[in-house]
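Chain order of the listed sequences is L and X.
To convert, note that position 222 of the first sequence is 317 in the numbering used here; the numbers rise steadily by one, no gaps.
To convert, note that position 232 of the second sequence is 327 in the numbering used here; the numbers rise steadily by one, no gaps.
In what follows, a structure is listed as structure tokens, so that the remarks can point back to it.
Number of protein chains: 2
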Amino acid sequence: ELAELAAEQFQHGALAGKRVCITAGPTREPLDPVRYISNHSSGKMGYALAEAAADAGASVRLISGPVNLPAPARVEVTSVETAEEMLAASLDGIDQCDLFIAAAAVADYRPVSVAEHKIKKGSEEIMELRLVKNPDIVATVAGLQEHRPYTVGFAAETRDVVGYARSKLARKQLDLIVANDVSNPEIGFNSDDNAVTLVSADDEISLPQTSKRQLARQLIEQIAQQYHQSTQ
Amino acid sequence: ELAELAAEQFQHGALAGKRVCITAGPTREPLDPVRYISNHSSGKMGYALAEAAADAGASVRLISGPVNLPAPARVEVTSVETAEEMLAASLDGIDQCDLFIAAAAVADYRPVSVAEHKIKKGSEEIMELRLVKNPDIVATVAGLQEHRPYTVGFAAETRDVVGYARSKLARKQLDLIVANDVSNPEIGFNSDDNAVTLVSADDEISLPQTSKRQLARQLIEQIAQQYHQSTQ
């Protein structure tokens, strides 16, 4: 009931009438029917952002890799496995999206070929695995010539966090980047807490360590503000 | 209370006074602080076996890769990530184990080197990943010259299931193999159900599709029988 009350309060909220598309979780890139390459993303940050955006009055679509999280209330969830599936799902209906928030930890590379049957362990001590670069989902969306949504990326780094984030912002033509330091075990991928720096072309705002849920509310507030400034 | 009653009934159960060591779940082989290679094992089969063995009166140690399952009651759980950690944990105290059941889906290969910092995506379209073979945990245990426990392996296959299982049994000098067909989506890795064939040097017993919990009880009963025959 409290949640519904909060939701009602946000009918005139910061993102009322806006459509927000959010990617979350890891992707899994299969080597064969049983093995895959993935990463430690839990999806908690993306799911919390989806909930916060819905509470801020937005119509929310969540495009999610494999995670162990319940679907947030009032959010439309599309489940995907691989980066290619996530890209296709992201572009499907992108012309309806006002904001695109890429919180997923997309695998940079996938195996060149996927074996139809389980690869038998051979006698070789060393095996070479050929990987090919995955499509860059957030850069593809940010580079759209028509119907380009306001585009927010994430940067999970282990060093020089703001430096890497700002170069990523420019290179991928993003509007904003949410940067965090995953080398700190108290925050980040599998933790319930996070601390981030919101980086734009000419500004940076630090949001100190708090729960991902609380941080998501602060982030949605900041993102909405910057979005509205950009459309004025 | 029912569980406790059942447990008491099994004080004189098929494995009373025996020590059973069980591996379960996948292993994760890191590429860098955020990425890893893994597989679709949920750990459900190994956890169900641990529970069934405890119910059959055994003292149970469960050596578990990363899973989303609660620790079974009356079972000592050791958590590990990589195959090398799982091997070390398995050999630690192996002289106390009467039976060793290798239900884990151990990664066959791991990256040759683990990057200390997150690998930055380069401009290369293709990346070669060098992998080195992991230690074979169940074969190492089965090959022990002293204090060798009765050793049961698993074979997850997508074709010619019994054929591959029997050649694995001989090659790794196992006492028994539990073989299952992971190409059937109704059973296997992420499913709650399973169906297996128990393969020994001169016999095979098919256990038809049922819940992993029910199947685990049948398996522990069969394994205990064969174990007692082998020690007569």
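We treat Cβ as the ideally placed atom computed from N, Cα and C, and that holds for glycine.
Computed from a prediction, not measured in an experiment: that's the story for all the values here.
Membership of L/Arg225 in the beta strand (DSSP E) is indicated by the continuous run Ile221 to Lys228.
CA-to-CA, the gap between X/Ala148 and L/Ile189 works out to about 53 Å. In the three-state scheme derived from DSSP, where H, G and I count as helix and E and B as strand, X/Gln313 is classed as helix.
Taken atom to atom, the span from the alpha-carbon of X/Thr305 to that of L/Leu226 is near 38 Å.
The beta strand (DSSP E) runs of length 3 or more contained entirely in the stretch 135-206 of chain L are, from start to end of the chain, 154-159, 170-174, 194-197 and 204-206.
Closest in C-alpha terms to X/Leu224, from the list L/Asp231, L/Tyr204, L/Glu281 and L/Gly160, comes L/Tyr204.
Its Cα nearest to that of L/Val294, the residue L/Lys263 stands out among L/Ser185, L/Arg308, L/Leu110 and L/Lys263.
Among the CB atoms of chain L, one or more fall inside 9 Å of the CB of X/Glu223. One Cα belongs to L/Pro244, the other to L/Lys113, and the distance between them is close to 11 Å. Closest by C-alpha distance to X/Asn279, out of X/Thr253, X/Ala151 and X/Lys267, is X/Thr253. Contact between L/Ala166 and L/Thr173 fails: their C-beta atoms lie close to 10 Å from each other, not under 8 Å. Among the residues facing chain X, L/Arg261 is not included, as its CB has no counterpart in that chain under 9 Å away. The Cβ atoms of L/Val247 and L/Ala274 do not sit closer than 9 Å to each other.
In the DSSP assignment, L/Tyr131 is bridged to L/Pro125 and X/Ser133. Bounds of the beta strand (DSSP E) holding X/Gly248 are Tyr245 to Glu252. Per DSSP, reduced to three states, the secondary structure at L/Leu302 is strand.
When rounded, the separation of the alpha-carbon atoms in X/Ser154 and X/Glu316 is 15 Å. With a threshold of 9 Å between beta carbons, L/Ala202 makes contact with chain X.
Taken through DSSP and simplified to helix, strand or coil, L/Leu110 comes out as coil. X/Ala200 places its beta carbon less than 9 Å from that of X/Pro121.
In terms of beta-carbon proximity, L/Lys307 stays away from the interface with chain X, with every pair separated by 9 Å or more. Scanning X/Asp288, X/Val291 and X/Ser208 for the CA closest to the CA of L/Met222 turns up X/Ser208. Proximity to X/Leu186 across X/Asp288, X/Ala260, X/Thr118 and X/Asp270 peaks at X/Thr118, based on C-alpha coordinates. In the three-state DSSP reduction, L/Leu269 falls in the coil class, being neither helix nor strand.
Contact note: L/Leu226 reaches chain X through Ile221, Met222, Glu223 and Leu224, using a C-beta cutoff of 8 Å and chain order. Neighbourhood of X/Val162 in chain L, by CB distance below 7 Å: empty, with the nearest CB roughly 10 Å away. Excluding five sequence positions before and after X/Ala296, the CB atoms of its chain that fall closer than 7 Å to its own CB belong to Leu264, given in chain order.
When DSSP states are grouped into helix, strand and coil, X/Ser325 belongs to the helix group.
Any Cβ of chain X closer than 9 Å to the Cβ of L/His242 would place that residue at the interface, and such an atom is absent. A buried status is given to X/Thr177, since no fewer than 16 other beta-carbon atoms sit within 10 Å of its beta-carbon. Here X/Leu269 really is in contact with X/Ala237; their C-beta atoms are around 5 Å apart, less than 8 Å. When C-beta distances to chain X are compared with 7 Å, the residues of the stretch 262-283 of chain L below that value are Val277 and Ser278, in chain order.
The alpha-carbon separation between X/Glu299 and X/Thr292 amounts to approximately 6 Å. From the listed residues X/Glu179, X/Pro230, X/Met181 and X/Asn289, the smallest Cα separation to X/Leu314 is found for X/Asn289. Cβ-Cβ distances below 6 Å link L/Pro230 to Leu182 in the same chain, with the five nearest sequence neighbours on each side left out; the list follows chain order. Rounded to whole angstroms, the Cβ separation of L/Pro128 and X/Val277 is 7 Å, and the two are in contact under 8 Å.
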